[in-house]
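Notes follow the structure.
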Amino acid sequence: MTAVSAIVLVGPMGVGKSTVGRLLAERLGAGYRDTDDDIVAEQGRTIAEIFVDEGEPAFRAIEKAAVHKALAEHDGVLALGGGAILDPDTRALLAGARVVYLSMDVEEAVKRTGLNTARPLLAVNPRKQWRELMDARRSLYEEVATAVVATDGRTPEEVTQVALDAL
Ligand code: S3P
2 MTAVSAIVLV GPMGVGKSTV GRLLAERLGA GYRDTDDDIV AEQGRTIAEI FVDEGEPAFR
62 AIEKAAVHKA LAEHDGVLAL GGGAILDPDT RALLAGARVV YLSMDVEEAV KRTGLNTARP
122 LLAVNPRKQW RELMDARRSL YEEVATAVVA TDGRTPEEVT QVALDAL
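Using my numbering, you'd call the opening residue of the sequence shown number 2 and step up by one each time.
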């Protein structure tokens with residue numbers, strides 16, 4: 002198994018992985034990559050369309066392949082989709098890598114993302130869905146993380162600085 006050299010950002014939807022990821026890459030003089038963007042480019046359709054057309058299990062298989070490809074290829078900053086860590090092989094691949102978990106509390110998540118039809122996992126009852134998502138995933142994010150950075154009440158620039166200090 003090839004070692005991962007990227008700095009990997011994990012955490013829930015809307016926590017600011019792309020914004021912070023870009024800032025972090027800029028500060029490090031490194032490239033930025035996002036697995037959601039890779040999937041959209043490769044598939045020629047949006048994430049929401051993939052969910053509607055094929056369902057979540059099919060999306061997860063597409064996502065797993067995209068994540069493993071990016072982890073093998075990229076040595077800059079890499080943001081993973083919020084559910085990528087659900088896959089045990091992906092979590093195993095991240096062992097030993099530098100992984101920053103950007104966290105936020107549920108109320109902050111509801112406030113930031115609202116009722117979001119572009120995010121299929123939040124399209125019905127965001128507060129309840131957020132609680133369930135975070136209850137299911139919090140320990141998985143913590144399992145892969147080498148640094149945890151709370152984003153509540155912090156600007157993206159502040160989050161980036163805390164992440165840099167923690168790396
Ligand atoms: C998902 C997060 C999304 C996207 C998809 C599913 C999730 O990515 O991959 O909607 O399961 O949390 P972002 O975290 O980049 O929004």
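Positions of the beta carbon are idealized from the N, C-alpha and C atoms, including for glycine.
Since the model is a prediction, treat every value here as computed from it, not as a measurement.
Would you mind reading off the limits of the alpha helix (DSSP H) that contains residue i?
i	result
ALA164	157 to 167
ILE51	48 to 55
SER19	18 to 29
ALA137	127 to 145
LEU87	Careful: LEU87 lies outside any alpha helix (DSSP H) and carries neither H nor E.
ARG113	107 to 114
Taking only heavy atoms of the ligand S3P into account, decide whether any of them is closer than 6 Å to the Cβ of residue i.
i	result
LEU168	no
ASP54	no
ASP37	yes
MET135	no
ARG120	yes
GLY22	no
GLY82	yes
LYS8	Before going further, note that residue 8 is Ile rather than Lys in the sequence given. Incorrect: ILE8 has no Cβ contact closer than 6 Å to the ligand S3P.
MET105	no
ILE51	no
ILE48	yes
Given a threshold of 16 other Cβ atoms within 10 Å of its Cβ, counted over all protein chains shown, does residue i qualify as buried or as exposed?
i	result
VAL163	buried
GLY15	buried
ARG139	exposed
GLY1	Not covered by the structure: residue 1. The range shown for the chain is 2 to 168.
PRO13	buried
GLY84	buried
LEU134	buried
LEU168	exposed
GLY97	exposed
MET2	Its pLDDT being 49, under 50, MET2 is placed unreliably in this model, and the coordinates cannot settle the point.
LEU25	buried
Can you name the residues that DSSP bridges to residue i?
i	result
LEU79	VAL9, ARG34
ARG99	ILE8
What residue range does the beta strand (DSSP E) around residue i cover?
i	result
ALA151	148 to 151
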